[in-house]
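This report refers to the structure that appears directly beneath it.
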Amino acid sequence: MSDMNNTLDGIHTPKGSLGEKVDILQSGRGNVSGFPSPALIPSPRALLPTSNAQKTRTTLSKGNRSSQEGEESFLSPVSNPLPEFIASTLSPLASECLLPWTKSSATQVIKIYNEDNTSRAVEVPSDITARDICQLFVLKNHCIDDHSWTLFEHVSLLGIERAIEDHESVMEVLSGWGMDTDCRLYFRKNYAKYEFFRKPLDFFPDHMVSICSESNGVVDHSQLIQTFLNSSTCPEIHGHLHAKEQSRKSWKKFYFVLRRSGLYFSNKGTSKEPRHLQFIADFSDSDVYTVFSAKKLHGAPTDYGFCVKSTKGSSARDLKLLCADDEQTRTCWITAMRLLKYGMELYQNFVQPHQRQKASPMRSISENSLVAMDFSGQKSRVIENPSEALSVAVEEGLSWRRKSCHRLSSHGSPSTSQSSMSNIALHLAQSWFHSKLSRDEAQRLITQQGLIDGVFLLRDSLSNPKTFVLSLCHMQKIKHFQILPVDDEGELFYSLDDCQTRFSDLIQLVEFYQLNRGVLPFKLKHHCARITL
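Residue numbering for the sequence shown follows the numbering used here, starting at 38 and increasing by one per position.
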């Protein structure tokens with residue numbers, strides 16, 4: 038991964054930072070207020086950015102799209118698709134493409150929603166980006182900024198949504214929708230947003246990827262992402278998808294090919310000959326969306342739907358609906374479309390927060406000089422072994438928790454019910470615990486916040502009272518593990534492996550499985566959190 042970072046850093050080096058905008062947020066220029074009215078979307082003329090705010094994007098040629106009579110297709114055919122290689126210029130860093138807020142006098146009021154549909158109205162400059170809004174709400178709600186907070190564009194009427202890229206102008210996104218369109222902006226976590234930079238092989242199966250370059254089509258796993266970002270290579274994604282025919286309710290299965298020049302499907306089996314490939318869309322003026330409830334809303338054969346929509350379209354007729362057979366296939370297509378559309382801008386979005394942290398570390402000099410000490414013997418000593426220091430810290434935490442539990446139940450004779458109440462008081466306040474959450478709601482929440490290994494939450498079991506359930510994502514599938522309470526001579530413990538490992542409370546259980554996989558398929562890594570705006 039470090040080799041890839043060095044290679045890509047050599048291609049493009051950032052010069053600006055979003056720190057200036059954060060300073061303005063902290064100084065009060067980014068106003069948040071509880072307006073009950075809907076978002077006030079200005080006229081499209083007022084939303085047009087200045088010339089300095091325009092973003093440089095890869096230019097995609099559309100090729101020859103003349104239709105042929107007698108052909109049965111849901112889109113116009115192409116007689117000769119363009120070559121896979123199209124030269125493009127690298128886009129500058131998103132922060133350099135935007136005017137500083139101090140130079141922008143126009144402000145707008147928009148509405149931001151949370152998963153529970155609570156909302157806040159916020160007054161923002163007209164050139165604000167998705168990352169700026171996320172930083173604003175992270176600051177205002179005192180969230181931990183782990184770079185996973187994301188702004189989503191959600192259209193419930195069409196059943197589609199997408200993650201707005203960090204560098205995108207929010208006002209440009211809103212201006213693409215009509216005044217009567219129920220388009221909402223949601224603020225929530227998305228752990229999978231840039232995970233393909235860390236684990237590209239999890240996102241691009243070998244049988245779906247081919248590369249036309251000097252390597253004669255052989256995919257070099259260590260250089261997979263660079264092939265998408267480097268204009269001298271021509272990555273190609275191919276495979277079968279279901280497509281909904283225009284003006285019809287029926288779906289048909291076609292062989293699709295994604296290249297730099299656009300998305301195509303073959304009207305003759307798996308042939309890639311130019312005369313058999315028909316053009317569907319390029320991404321210079323289109324975005325890719327996830328379709329939720331694809332079976333229910335659009336009659337799709339599976340629920341793994343996605344679509345391509347023109348940035349100027351706002352109706353169901355403007356959607357090119359597609360459907361995959363499984364989650365991995367859908368994720369591969371969506372990720373590849375994002376990479377081919379934005380290229381280096383996505384990589385800069387990924388590395389910029391880490392570069393900013395290195396430039397201005399959060400820890401002070403005094404904090405960096407702290408050392409672990411052992412005062413158990415006659416003489417104090419510095420603990421130099423990191424493993425020993427960690428075990429001492431864990432033991433100190435458990436000791437403090439046991440004292441806290443004792444204080445909570447010390448108003449009478451200790452009993453199982455009082456011990457249970459103290460444990461409940463402890464885990465209810467944790468951000469990973471979601472009380473009355475059903476199995477379907479848990480799966481929806483984890484899916485929304487990213488189907489990557491280790492995303493988890495804990496919840497009450499609705500089918501078995503007094504027990505709990507751990508919901509965990511592994512290999513893009515969500516599994517549920519029951520946590521049973523165990524009464525041992527008046528003391529209450531919790532276990533999810535038939536009492537082989539017991540814990541005094543759920544916090545101890547979560548901390549253990551964050552460090553140890555145990556009986557789980559993967560360690561607990563990212564917890565699903567909800568905040569109230």
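Every residue, glycine too, gets a C-beta built ideally from N, C-alpha and C.
What do you reckon, are the CB atoms on residue i and residue j nearer than 8 Å?
| i | j | result |
| --- | --- | --- |
| Arg225 | Thr166 | no |
| Leu358 | His335 | yes |
| Lys349 | Leu356 | no |
| Tyr531 | Asp524 | no |
| Ile544 | Leu463 | yes |
| Arg476 | Asp153 | no |
| Met374 | Phe320 | yes |
| Ser508 | Ala479 | yes |
| Asp19 | Ser206 | Nothing in the structure corresponds to residue 19, since the chain is present only between 38 and 570. |
| Glu190 | Leu222 | yes |
| Ser351 | Gly215 | yes |
| Asn178 | Ala200 | no |
| Asp534 | Val556 | yes |
What's the gap between the Cα of residue i and the Cα of residue j?
| i | j | result |
| --- | --- | --- |
| Leu266 | Asn386 | 13 Å |
| Met208 | Ser498 | 42 Å |
| Lys286 | Val146 | 39 Å |
| Gly196 | Asp219 | 11 Å |
| Val325 | Glu202 | 12 Å |
| Leu474 | Leu546 | 19 Å |
| Ala331 | Phe291 | 18 Å |
| Ser252 | Pro522 | Reliability fails at Ser252, whose pLDDT of 46 lies under 50, so the model's placement of it is uncertain and the value that follows must be treated cautiously. Straight-line Cα distance between these residues: approximately 57 Å. |
| Tyr150 | Cys565 | 17 Å |
| Pro14 | Tyr550 | No information on residue 14 is available, as it lies outside the stretch 38 to 570 that the chain covers here. |
| Ser125 | Thr155 | For Ser125, the predicted model reports a pLDDT of 36, less than 50, meaning its position is unreliable; a value from the coordinates is still stated below. Taking the straight line from one Cα to the other gives about 42 Å. |
| Tyr341 | Asp362 | 7 Å |
| Glu553 | Lys305 | Correcting the residue type first, residue 553 is Asn in the shown sequence and not Glu. Cα to Cα, the separation comes out at about 51 Å. |
| Ala337 | Leu238 | 28 Å |
| Ser424 | Leu376 | 40 Å |
| His517 | Ser268 | 43 Å |
| Glu421 | Cys180 | 33 Å |
| His279 | Ile170 | 36 Å |
Short of 8 Å in beta carbon distance, which residues of its chain neighbour residue i, apart from the five on each side in sequence? Order them along the chain.
| i | result |
| --- | --- |
| Gly71 | With a pLDDT of only 39 at Gly71, under the threshold of 50, the placement of this residue in the model should not be trusted; the figure read from the coordinates follows. Correct list, in chain order: Arg157 and Ala158. |
| Leu465 | Ser472 |
What does the Cβ neighbour count give for residue i, buried or exposed, with the cut at 16 atoms within 10 Å?
| i | result |
| --- | --- |
| Ile612 | A question about residue 612 goes unanswered here, because the residues of the chain that appear run from 38 up to 570. |
| Phe17 | Within the shown structure, residues of the chain are numbered from 38 to 570, placing residue 17 beyond reach of any answer. |
| Ser212 | buried |
| Ile483 | buried |
| Ser428 | exposed |
| Gln389 | buried |
| Leu194 | exposed |
| Gly491 | buried |
| Ser284 | exposed |
| Met235 | According to the sequence shown, residue 235 is Arg rather than Met. So Arg235 counts as exposed. |
| Glu528 | exposed |
| Pro162 | buried |
| Ser446 | Here the model assigns Ser446 a pLDDT of 44, short of 50, so the residue's position is not dependable, and the following value carries that caveat. With 16 or more other Cβ atoms within 10 Å, it is buried. |
| His391 | exposed |
| His184 | buried |
| Gln485 | buried |
| His204 | buried |
Which same chain residues, not among the five before or five after residue i, have their C-beta less than 7 Å away from its C-beta?
| i | result |
| --- | --- |
| Leu488 | Ala229, Glu364, Cys510 and Gln513 |
| Phe240 | Phe233, Thr368, Cys369 and Thr372 |
| Tyr379 | Glu202 |
| Val59 | Low confidence applies to Val59: its pLDDT is 42, below 50, so where it sits in the model is not reliable enough to give any reading. |
| Phe343 | Val325, Tyr326, Thr327, Val328, Leu359, Arg367, Trp370 and Ile371 |
| Ala318 | Gly299, Leu300, Val345 and Lys357 |
Using C-beta distances below 6 Å, list every residue in its chain close to residue i, excluding the 5 sequence neighbours before and after it, in chain order.
| i | result |
| --- | --- |
| Thr264 | Ile248, Thr270 and Pro272 |
| Gly276 | Met245 |
| His471 | Leu494 and Arg496 |
| Lys562 | Gly491 |
- prompt: Which runs of the beta strand (DSSP E) spanning at least 3 residues fall entirely within the region 262-294, listed in chain order?
  reply: 271-281
query: Can you list the beta strand (DSSP E) stretches of 3 or more residues lying completely in the region 335-397, in chain order?
result: 341-347 and 356-361
query: Taking only runs of the beta strand (DSSP E) that begin and end inside the region 463-507, which ones reach a length of at least 3 residues, in chain order?
result: 492-497
query: Fully enclosed by the region 144-179, which alpha helix (DSSP H) runs are 4 residues long or longer?
result: 167-177
- prompt: Considering only residues of the region 197-244, which uninterrupted alpha helix (DSSP H) runs meet the minimum length of 4 residues and lie entirely inside it, listed in chain order?
  reply: 207-212, 232-235 and 237-240
- request: Mind listing, in chain order, the continuous alpha helix (DSSP H) runs of no fewer than 4 residues lying wholly within the region 544-569?
  value: none
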